[in-house]
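FYI, the numbering for the sequence shown is 7 to 456, going by my numbering. Note that beta-carbon positions come from the ideal geometry of N, C-alpha and C, so glycine has one too.
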Amino acid sequence: MITRINELKKILNTKIDYEKHYPKYNSAKEWLDEWDFKKCKIDIYTHKIHDYPAMFIPQLARKIINELTEEEDTILDIFSGSGTTIVEAKILNRNGIGIDLNPLAILISKVKTTQIKKDVLINSYELFWKNYKVIDKKLKIKNFANIDFWFNPFVINIFSKISTTINKFEDENIQNLYKVAFSSIIRKLSHCKHSGFKMHKDKKKEEISYNEDDILNAFHNSILKVAKAVSDFSNIQNNSTTTIITGDSRNYQINKKVDLIMTSPPYGDSKTTVAYGQFSKLQSLWLELISENEKGHVENIDKELLGGKIKFIDIEDKVIYKSQALFQAITTMKFTLDLKEKKNIDRIRDVLSFYIDLDNAIKQQVKFLKLNKYAVFIVASRTVKNIQLNTDLIIAELGKEYGLELESIFYRTIVNKRMPYSVSATNIQGETCKTMDKESIVILKKVKDI
Ligand SMILES: C[S@@+](CC[C@H](N)C(=O)[O-])C[C@H]1O[C@@H](n2cnc3c(N)ncnc32)[C@H](O)[C@@H]1O
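Now the structure itself:
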């Protein structure tokens with residue numbers, strides 16, 4: 007225990023220059039050419055304290071914020087995920103507002119933007135081990151549906167001790183910090199495949215046996231990482247505020263106007279792209295982020311997200327007439343797919359449901375953008391049934407209805423984002439195709455209040 011605490015003290019006292027990892031642009035050409043950030047380290051400040059699918063890279067978020075806003079401005083991310091935008095906003099003395107529906111995303115972004123001083127972190131770590139030592143006496147072993155399928159009994163036992171000890175913290179910020187550190191090891195030590203976002207069992211992981219020290223060391227390393235980042239983040243001193251909202255961007259109303267919307271929506275329906283809910287499920291159950299009493303809610307989170315529910319819509323829904331790029335894609339699908347097959351109609355409905363939801367979110371949130379300010383969407387286009395869906399152009403065209411005008415689109419190669427690179431785009435078993443290895447940065451200006 008003493009060694010672990012000394013390790014924490016030592017790491018908290020080391021100095022890290024995070025700022026050297028942000029590129030400086032010496033000319034307009036250098037600025038225009040740099041979008042990939044291939045050589046940049048992304049594990050800086052609190053950005054990488056926890057994995058999350060399709061995270062922004064900090065340097066990209068910073069570049070846009072610096073270009074399009076001033077200090078003390080307010081920046082809104084309507085699909086804020088693990089909070090990259092609001093972390094950068096805080097560092098750059100901008101107020102940040104993040105909205106997301108996934109409770110794990112909310113927890114991670116809260117911790118990423120919390121400022122806790124060194125001494126408090128050290129004291130809480132001492133308290134953690136003190137409480138951990140005596141927890142055996144009243145330990146309640148965790149249980150939820152299929153827990154034995156995903157974890158071996160010894161891991162369940164030690165995880166129960168860790169989570170019970172965490173719940174003893176009275177300070178919510180400290181408790182959240184420990185939850186994030188714990189969350190980082192949950193999927194790793196489960197039988198769930200670590201790569202990918204969906205829940206598939208990895209038979210090889212089932213055979214691994216751990217002793218208590220293995221698990222506690224993994225947790226300790228995770229604490230070191232999170233505590234160091236949060237402690238360094240507490241050195242950022244400005245008066246900017248951060249607001250993190252659990253809400254649905256299709257209808258949530260914030261209470262002020264903002265100077266920039268910067269966001270990255272999901273890439274499509276969670277069935278065939280990123281399943282945020284499945285990615286977060288084991289962690290959410292262990293951390294009790296979503297009570298199991300809310301029947302099936304953990305299972306259903308992917309259904310709540312953009313494009314999560316197939317709407318019983320006409321495949322001629324009016325949304326296709328708002329965007330020529332969408333109209334063309336849907337028309338091509340209608341001509342090339344056999345519409346006598348219900349599954350083909352459903353696939354078109356899937357695609358349309360996603361864009362209807364995205365359209366509603368843009369419509370709802372652009373109301374809060376000040377006139378002559380910008381909305382920036384970072385998106386990857388995708389292929390469904392071999393038909394290209396140019397989400398960048400679709401967003402630009404949908405935005406027109408709400409007073410947004412396309413200013414420019416920059417393209418970048420995705421080099422270090424956690425994304426599915428190859429998915430079944432044809433629905434032929436075993437056949438995969440490369441999608442989403444490029445992304446577009448769509449810059450729109452609000453020219454009209456509608
Ligand atoms: C591409 S991720 C954002 C990642 C983020 N830029 C980051 O750096 O971590 C998209 C996010 O949209 C969220 N989301 C999907 N539908 C939503 C909705 N209707 N309202 C709010 N958030 C939603 C998902 O939970 C996910 O966290």
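I think residue i touches residue j, with their Cβ atoms under 8 Å apart; what is that distance to the nearest whole Å?
i: A235; j: L127; result: Not a contact, Cβ separation roughly 11 Å.
i: A381; j: I267; result: 4 Å
i: I242; j: I97; result: 6 Å
i: W41; j: Y417; result: 7 Å
i: A509; j: E94; result: Since the first residue of the chain shown is 7 and the last is 456, residue 509 is not available in this structure.
i: E488; j: N108; result: This structure cannot speak to residue 488, because the chain is shown only from 7 to 456.
i: V264; j: F374; result: 6 Å
i: I456; j: Y408; result: 5 Å
i: E59; j: V280; result: Correcting the residue identity first, residue 59 is Pro in this sequence and not Glu. So it is a contact: roughly 5 Å between Cβ atoms.
i: V357; j: V390; result: 6 Å
i: Q65; j: S240; result: No, Q65 and S240 are not in contact; Cβ-Cβ is about 22 Å, not under 8 Å.
i: S130; j: I55; result: Between I55 and S130 the Cβ distance is about 16 Å, and since that is not below 8 Å, they are no contact.
i: K124; j: S228; result: The Cβ separation is near 18 Å, so there is no contact.
i: L404; j: D365; result: 5 Å
Let's see if you can read the secondary structure: which residues bound the beta strand (DSSP E) around residue i?
i: Y380; result: 375–385
i: I22; result: No beta strand (DSSP E) holds I22; DSSP gives it neither H nor E.
i: V497; result: This structure cannot speak to residue 497, because the chain is shown only from 7 to 456.
i: R418; result: 410–419
i: K454; result: K454 -> no beta strand (DSSP E), and no H or E assigned at all.
i: T252; result: 248–252
i: T52; result: Note, T52: premise wrong, no beta strand (DSSP E); not H, not E.
i: N83; result: It should be pointed out that residue 83 corresponds to Asp in this sequence rather than to Asn. Element bounds for D83: 80–83.
Quick one: is the Cβ of residue i within less than 7 Å of any heavy atom of ligand 1?
i: R68; result: no
i: Y361; result: no
i: I105; result: yes
i: D443; result: no
i: L311; result: yes
i: R256; result: yes
i: G274; result: no
i: S446; result: no
i: A281; result: no
i: Y51; result: no
i: N85; result: At residue 85 the sequence reads Phe, which differs from the Asn that was named. Result yes, Cβ under 7 Å from ligand 1.
i: T278; result: no
i: S270; result: yes
i: A60; result: yes
i: T119; result: no
i: S88; result: yes
i: A367; result: yes
i: A235; result: no
i: A460; result: It is not possible to answer for residue 460, since the shown part of the chain is limited to 7 through 456.
Determine the extent of the alpha helix (DSSP H) in which residue i is found, giving its start and end residues.
i: S359; result: 348–372
i: G405; result: 397–406
i: K35; result: 34–39
i: I114; result: 109–118
i: T90; result: 90–97
i: N101; result: No alpha helix (DSSP H) contains N101, which is instead part of the beta strand (DSSP E) from 101–106.
i: I502; result: A question about residue 502 goes unanswered here, because the residues of the chain that appear run from 7 up to 456.
May I ask you to check if the CB of residue i is nearer than 7 Å to at least one heavy atom of ligand 3?
i: N108; result: Absence of ligand 3 from the depicted structure is noted, with ligand 1 being the only ligands included.
May I ask you to verify whether the stretch 404–414 touches the stretch 445–453, counting CB pairs closer than 8 Å and requiring at least 3?
Below 8 Å, enough C-beta pairs join the stretch 404–414 and the stretch 445–453 to call them touching: three or more.
Do the stretch 76–92 and the stretch 102–120 touch if we need at least three Cβ pairs shorter than 8 Å?
Segments in contact, yes.
In chain order, which continuous runs of the alpha helix (DSSP H) of length 4 or greater are located wholly inside the stretch 130–194?
Inside the stretch 130–194, DSSP marks whole alpha helix (DSSP H) runs of 4 or more residues at positions 153–156, 159–173, 178–192, from first to last along the chain.
Which runs of the beta strand (DSSP E) at least 3 residues long sit entirely within the stretch 259–345? Give them in chain order.
You should have 264–269.
Take every Cβ of the stretch 190–210, pair it with every Cβ of the stretch 243–252, and state whether three or more of those distances are shorter than 8 Å.
Cβ pair count under 8 Å is below three, so no.
Curious, which full-length alpha helix (DSSP H) runs of at least 4 residues does the stretch 189–237 contain?
Segments of the alpha helix (DSSP H) lying fully in the stretch 189–237: 209–212.
Between the stretch 308–318 and the stretch 260–279, do at least 3 Cβ pairs fall closer than 8 Å?
Yes, the stretch 308–318 is in contact with the stretch 260–279.
Whether or not the stretch 125–141 and the stretch 151–170 are in contact is what I'm after, with contact meaning three or more pairs of Cβ atoms, one per stretch, closer than 8 Å; do they touch?
Yes: at least three Cβ pairs fall under 8 Å.
Is there contact here, the stretch 154–163 with the stretch 211–231, by at least three beta-carbon pairs under 8 Å?
A contact exists between the stretch 154–163 and the stretch 211–231.
Three-pair Cβ contact test at 8 Å for the stretch 360–372 versus the stretch 337–345:
Per the Cβ contact rule, the stretch 360–372 is not in contact with the stretch 337–345 (fewer than 3 Cβ pairs under 8 Å).
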